[in-house]
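Colleague: Residue numbers (my numbering), protein chains in the order written: chain A, 1 to 300; chain B, 301 to 600. This is the structure I want to talk about, given as structure tokens.
Protein chains: 2
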Amino acid sequence: MFNKITIIGLGLIGSSIARAIKKNRLCKSLVAHDKSKIVLKKILKLKITNHTEPNLKKSVQDSDLVIICTPLGTYKNIVSVIKNYLKKTCILTDVGSAKIFVTNTVNKLINKNTIWIPAHPVAGTEQSGPEAGFADLFKNRWCIITPVSKKNPNALKKLNNFWKKIGSKVQHMSAEHHDKVMAITSHIPHLIAYNIVGTAANLEQDTKSEVIKYSASGFRDFTRIASSDPTMWRDIALNNRKQILHMLEKFNLDLSNLKRALIKRDGNKLFKLFSKTRKIRQAIVKAGQDINSPNFGRKN
Amino acid sequence: MFNKITIIGLGLIGSSIARAIKKNRLCKSLVAHDKSKIVLKKILKLKITNHTEPNLKKSVQDSDLVIICTPLGTYKNIVSVIKNYLKKTCILTDVGSAKIFVTNTVNKLINKNTIWIPAHPVAGTEQSGPEAGFADLFKNRWCIITPVSKKNPNALKKLNNFWKKIGSKVQHMSAEHHDKVMAITSHIPHLIAYNIVGTAANLEQDTKSEVIKYSASGFRDFTRIASSDPTMWRDIALNNRKQILHMLEKFNLDLSNLKRALIKRDGNKLFKLFSKTRKIRQAIVKAGQDINSPNFGRKN
């Protein structure tokens, strides 16, 4: 499909893409670059690829597809370094979670003729690092592509096919729309989970150990999300600020409403609030985005 | 262990206790009472017990242990009806999630010599109804007992042993302390999950269907908790109001703090907030309250 692919950043997502490329034989040569030599050593040890390149410039030379899989805060430096080393037909893409920021940042830096197509595979786990990745991470998950130009329909088609071969379903949309939808489906849930687990972490020591002891009553689900990579989430929060603050405003209004019902002992209102949410879960299970087993099928 | 046990309310918890009693042979006769005849029919069909009694008064007669497993809003009526039909040596207990309310309500109604020991098995799933129960629900989970009197050490011992035989670990604490700990480990997470899923449900139709489509990015975890039984949660919210509002205040303060960091683009502060929460999850996994598999071991 491609002759040479370069992956920059071999964490959970980058190493999962690398594994999926290898599994599905999507290129002849797969180059891994990471600023951490320890990560590159791990990649060789895990046999994810046998071609690692610690020099960023060299890693992208002659590549047909370059995928940036690093936190958003690193994009500016990375693109500044590689922009003159990409060959004319190379597709430059990424996996970042805040597309307006990504698009603007990269647009400003790249040369006029660079084929640049931002993308975001909507998949992941709370774990991070190259050991956490797996080839099937993207199977039956959506990959959102936010094309910036219509100039290169063939390149877009190639990137679509790449994600489909990895197991994803592909959807195109604008960066603006992407950021709005992700604010509510991903960014707000993460911030809220970090916040509530943070509130628990601030409690005095005695209560904190009891929070751990009795966490199975609901709290433990929030801790899964709140153990995601802090660097990645700092950068997402900073770079989708506008939409996050907008959705947080809606969330806060609803919470004030719920609080008012509680203060007024308005049982009917609470019942209504607690009833309408079941339908959303049923629709998610029906859409194949979650399983129906109680407690996500956990045995404990 | 007991000659006759009566369970009032055969939903997720009540039917799970009944199944566990049967599995562990903890009594000679097990009586199921539910105000719904449909539920009682299901209980017979599922062979959870073959002794159902639609008359509440009759159901508790000659019983050695009566367990109330209904929403908190029903306690007043139930106890008023049964209080004169409990035999002298009978232990009256419950499984409610708000112990100050439960203790006060029942204390006011029961006869002076009734042996009343409130309890709360910290276990459950998002599903409800008699079909959703299973015998191992309480295995390795905590059961919190909040004794109201020291007058009947033998009865307390008997109730302890009952929960231990069902697979639980038992902890005694005051109703006040219970309500404080549950506010943060269970009640606030449920309210927040209901609230955020509610915010999503309020979005215009287009965005709502995309929220479902891309829910795997974090949102779907919140929908599990937000599909719990609305009657049960209305009653918990109303009856642990004080502690819930107190903890909600802390949560709101922390959220304002997070929002301020976001507005000020304070990356360091965000990073610190997002870093301290990982330790809590590690401690929960270490305490055997959750599994370490990514995405709770879900395959999709």
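Here a beta-carbon is modelled for each residue, glycine too, at the ideal position from N, C-alpha and C.
Kindly indicate which three-state DSSP category His-487(B) falls into: helix, strand or coil?
Modeller: Here residue 487(B) refers to the residue found at position 187 when the second sequence is read from its first residue. It is helical.
Colleague: In this structure, what does DSSP give as the bridge partners for Lys-469(B)?
Modeller: Translated into the one-based positions of the second sequence, residue 469(B) becomes position 169. Answer is Trp-442(B), bridged to Lys-469(B).
Colleague: Could you tell me if Glu-476(B) is buried or exposed, where buried requires 16 or more neighbouring beta carbons within 10 angstroms of its beta carbon?
Modeller: For the purposes of this step, residue 476(B) is taken as residue 176 along the second sequence, with counting starting at 1. Per the 10 Å Cβ criterion, exposed.
Colleague: Cβ of Ala-475(B) within 6 Å of any heavy atom in the ligand SAM?
Modeller: Although the ligand SAM was asked about, the structure shown includes no ligands whatsoever.
Colleague: Within the continuous beta strand (DSSP E) that includes Phe-302(B), where are the two ends?
Modeller: Looking up residue 302(B) in the second sequence gives position 2. From DSSP, the beta strand (DSSP E) with Phe-302(B) extends over 302-308.
Colleague: For Ser-256(A), count the other beta carbons within 10 Å of its own beta carbon; 16 or more makes it buried, fewer makes it exposed. Which is it?
Modeller: Translated into positions along the first sequence, residue 256(A) becomes position 256. Exposed.
Colleague: So the alpha helix (DSSP H) Ser-309(A) belongs to, where does it begin and stop?
Modeller: Since the displayed chain A opens at 1 and closes at 300, residue 309(A) lies outside it and no answer follows.
Colleague: For the region 26-46 of chain A against the region 129-136 of chain A, do three or more pairs of beta-carbon atoms, one drawn from each stretch, fall closer than 8 Å, so that the two count as touching?
Modeller: Yes, the region 26-46 of chain A touches the region 129-136 of chain A.
Colleague: Hey, out of Phe-462(B), Leu-365(B), Asp-529(B), Trp-442(B), whose CA is closest to Thr-414(B)'s CA?
Modeller: Taking the second sequence and counting its residues from 1, one reaches residue 414(B) at position 114. Of the candidates Phe-462(B), Leu-365(B), Asp-529(B), Trp-442(B), the one whose C-alpha sits nearest the C-alpha of Thr-414(B) is Leu-365(B).
Colleague: Does the structure place the region 570-583 of chain B close enough to the region 251-268 of chain A that three or more beta carbon pairs sit under 8 Å?
Modeller: Too few Cβ pairs lie closer than 8 Å, so no.
Colleague: In its own chain, which residues sit with a C-beta less than 6 Å from the C-beta of Met-232(A), not counting the 5 before and 5 after it?
Modeller: As a first step, residue 232(A) must be located in the first sequence, where it is residue number 232. Excluding sequence neighbours, Met-232(A) sits near Pro-71.
Colleague: Counting pairs of Cβ atoms below 8 Å between the region 146-159 of chain A and the region 208-221 of chain A, do you hit three or more?
Modeller: Output reads no: the region 208-221 of chain A does not touch the region 146-159 of chain A.
Colleague: Okay, do the region 137-151 of chain A and the region 162-169 of chain A touch, 3+ Cβ pairs below 8 Å being the bar?
Modeller: Yes, the region 137-151 of chain A touches the region 162-169 of chain A.
Colleague: Does the beta-carbon of His-187(A) have 16 or more other beta-carbons within 10 angstroms, so that it is buried, or is it exposed?
Modeller: Mapped onto the first sequence, residue 187(A) falls at position 187. Under this definition His-187(A) is a buried residue.
Colleague: Is Asp-221(A) close to chain B? Criterion is C-beta to C-beta, closer than 7 Å.
Modeller: Walking along the first sequence from the start, residue 221(A) turns up at place 221. Chain B contact via Cβ: present.
Colleague: Just to confirm my understanding: we take Ser-527(B), look at its own chain, exclude 5 residues before and 5 after, and list those with CB closer than 7 Å. What are they?
Modeller: Translated into positions along the second sequence, residue 527(B) becomes position 227. Within the same chain, Ser-527(B) has close Cβ partners Glu-426.
Colleague: Tell me, which residues are paired with Leu-30(A) by DSSP?
Modeller: Taking the first residue of the first sequence as 1, we reach residue 30(A) at position 30. Paired residues: Ile-5(A).
Colleague: In this structure, how does DSSP classify Val-481(B) when only helix, strand and coil are distinguished?
Modeller: Indexing the second sequence from 1 puts residue 481(B) at position 181. Residue state, collapsed to three classes: helix.
Colleague: Drop a sphere of 10 angstroms on the beta-carbon of Asp-535(B), count the other beta-carbons inside from all chains shown, and report buried for 16 or more, exposed for fewer.
Modeller: Counted from its first residue, the second sequence places residue 535(B) at position 235. Buried, because 16 or more other Cβ atoms sit within 10 Å of the Cβ of Asp-535(B).
Colleague: Quick test of your reading: Val-106(A) and Cys-143(A), contact by CB under 8 Å. State the CB separation rounded to the nearest angstrom.
Modeller: Translated into the one-based positions of the first sequence, residue 106(A) becomes position 106. Translated into the one-based positions of the first sequence, residue 143(A) becomes position 143. That belief does not hold up - the Cβ atoms of Val-106(A) and Cys-143(A) are roughly 18 Å apart, past 8 Å.
Colleague: Comparing alpha-carbon positions, which option in Gly-498(B), Phe-434(B), Arg-581(B), Ile-445(B) lies nearest Ile-196(A)?
Modeller: For the purposes of this step, residue 196(A) is taken as residue 196 along the first sequence, with counting starting at 1. The option with the nearest alpha carbon to Ile-196(A) is Arg-581(B).
Colleague: Can you name, in chain order, every residue of its own chain whose Cβ lies under 6 Å from the Cβ of Ala-135(A), other than the five neighbours on each side?
Modeller: Residue mapping note: residue 135(A) aligns to position 135 of the first sequence, counting from 1. Closer than 6 Å at Cβ, skipping near neighbours: Arg-19, Ala-20, Lys-23.
Colleague: If you reduce the DSSP assignment to three classes, tell me which class Pro-421(B) lands in.
Modeller: For the purposes of this step, residue 421(B) is taken as the residue at position 121 of the second sequence. In the structure shown, Pro-421(B) sits in a strand (DSSP, three-state: E or B).
Colleague: Measuring CB to CB, does Lys-83(A) end up less than 7 Å from Leu-109(A)?
Modeller: In the first sequence, residue 83(A) corresponds to position 83, counting from 1. In the first sequence, residue 109(A) corresponds to position 109, counting from 1. Cβ atoms of Lys-83(A) and Leu-109(A): closer than 7 Å.
Colleague: Which ranges would you report for the beta strand (DSSP E) in the region 377-428 of chain B if only whole runs of at least 3 residues count?
Modeller: With a minimum length of 3 residues, the continuous beta strand (DSSP E) runs that stay inside the region 377-428 of chain B are 391-394, 415-417, 419-421.
Colleague: Give every residue of the same chain whose Cβ lies closer than 6 Å to the Cβ of Asn-161(A), excluding the five residues on either side of it in the sequence, and list them in chain order.
Modeller: Here residue 161(A) refers to the residue found at position 161 of the first sequence. None.
Colleague: Looking at the unbroken alpha helix (DSSP H) that takes in Ile-13(A), where does it start and where does it end?
Modeller: Here residue 13(A) is taken as the residue at index 13 of the first sequence, counted from 1. Looking at the DSSP string, the run of the alpha helix (DSSP H) that includes Ile-13(A) is 12-24.
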